[in-house]
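Residues 19 to 241 (my numbering) are what the sequence shown spells out, left to right.
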Amino acid sequence: MKSLLKSLGLLVFLTSAAFCEPAELHRDLTIPNMFLVKESMRQYHKSGQYLREIDAIAGQAQTYLETNLARVRDRKPAIVLDIDETVLSNYPHINEFDFGYIPTEWSAWILRGEAPALIGPRELFRYARKNDVAVFFITGRAEKQREATLKNLSKQGFEGWQELIMKPDGDHGASGLYKAEHRKRLTEAGYTIVVNLGDQASDLEGGYSEAVFKLPNPMYYVP
Ligand SMILES: [Mg+2]
19 MKSLLKSLGL
29 LVFLTSAAFC
39 EPAELHRDLT
49 IPNMFLVKES
59 MRQYHKSGQY
69 LREIDAIAGQ
79 AQTYLETNLA
89 RVRDRKPAIV
99 LDIDETVLSN
109 YPHINEFDFG
119 YIPTEWSAWI
129 LRGEAPALIG
139 PRELFRYARK
149 NDVAVFFITG
159 RAEKQREATL
169 KNLSKQGFEG
179 WQELIMKPDG
189 DHGASGLYKA
199 EHRKRLTEAG
209 YTIVVNLGDQ
219 ASDLEGGYSE
229 AVFKLPNPMY
239 YVP
């Protein structure tokens, strides 16, 4: 009986296998295959495509600032920058952990302060500072990460900015609301936020900036 069931099982397997066309062997899933998605993300970085896209979008933001600066010169011109995957790259850590997010490991990486700068966004930063445009960082990083973040920013050549705005420790509220509230505060203090640059929709939604520029980030999502 057991061997009969075994044979039946084998027969079912062979029969169903026979109905699968060779061309369909690689697309039997209704959602993307995680291994292949990871490979495509690695390739996206390795090929240089990621950095090219980052630099191109930061370049567009800089062109917008250059073009509009004279118009807002007397209205305290400012730009707002996110930090992670906007001016600093965590890709070395993300790749090391095979695109997995392990909160304790992520925190340890942030505290090391070794994230490299993204070049195009740093050019935008430098252009702003050279032209007396105030730079505000608004990040989802927590206050307890301030010292490490200051060290990291300084080491990567970000000097002369106005304010580093961080989330209170233990605040797990929506990032979008918190960021928009601070842009509102800055606007009410008289600043004209000409450019807002970030890698998440939640960096950019909620108004209080003339123009928003979205950098690519296929690696994670922050609501
Ligand atoms: Mg970010």
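Virtual Cβ for every residue (Gly too), placed ideally from N, Cα, C.
query                                                                                                                                                                : result
What is the DSSP secondary structure of Phe115, reduced to helix, strand or coil?                                                                                    : coil
Just to confirm, are Ala96 and Ile211 a CB contact at a threshold of 9 Å?                                                                                            : yes
Buried or exposed: which applies to Thr85, given that a residue is buried once 16 or more other Cβ atoms fall within 10 Å of its Cβ?                                 : exposed
Using C-beta distances below 6 Å, list every residue in its chain close to Asn235, excluding the 5 sequence neighbours before and after it, in chain order.          : Glu103, Asp217
Would you identify the three-state DSSP class for Asp102, choosing helix, strand or coil?                                                                            : strand
Helix, strand or coil, according to DSSP, for Leu29 in the structure here?                                                                                           : In this prediction, Leu29 has a pLDDT of 45, which is less than 50 and means its spatial position is unreliable; nothing more can be read from the coordinates.
For Ala152, tell me which candidate among Glu141, Glu228, Gln180, Leu129 has the shortest Cα-Cα distance.                                                            : Gln180
Would you call the CB atoms of Ile72 and Leu233 closer than 9 Å?                                                                                                     : yes
My guess is that Ala166 and Ile128 are in contact by the Cβ rule of under 8 Å, so how many angstroms apart are they, rounded?                                        : 6 Å
Would a C-beta distance cut-off of 9 Å place Arg147 and Gly178 closer than the cut-off?                                                                              : yes
Return the chain-ordered list of same chain residues with a C-beta closer than 6 Å to the C-beta of Ala41, the five sequence neighbours on each side being excluded. : none
Go through its chain and collect everything with a Cβ distance to His111's Cβ below 6 Å, but skip five positions before and after it.                                : Trp127
Taking C-beta to C-beta, are Thr157 and Lys185 nearer than 9 Å?                                                                                                      : yes
Please name the residue or residues paired with Leu215 in a DSSP beta bridge.                                                                                        : Leu99, Phe231
Here's a check: name, in chain order, each residue in its chain whose Cβ is nearer than 7 Å to the Cβ of Lys94, leaving out the five neighbours to either side.      : Ala152, Gly208, Tyr209, Thr210
May I have the straight-line CA-CA distance separating Pro121 from Phe115, to the nearest angstrom?                                                                  : 11 Å
Could you check the C-alpha separation between Ala198 and Asn108 for me, to the nearest Å?                                                                           : 24 Å
Suppose you measure from the CA of Ser172 to the CA of Phe154; what does that come to, to the nearest Å?                                                             : 15 Å
Which stretch, first to last residue, makes up the alpha helix (DSSP H) that contains Phe143?                                                                        : 137 to 148
When DSSP labels each residue in this structure, what does Asp175 get in the three-state scheme?                                                                     : It is worth fixing the name first, because residue 175 is Gly in this sequence and not Asp. Residue state, collapsed to three classes: coil.
Using the three-state DSSP reduction, which class does Ile128 fall into: helix, strand or coil?                                                                      : helix
Ignore the nearest five residues each way along the sequence and tell me which others in Gln163's own chain have a CB closer than 8 Å to its CB.                     : Ser125, Ile128, Leu129, Met184
Alpha carbon to alpha carbon, how far is Leu215 from Leu195?                                                                                                         : 16 Å
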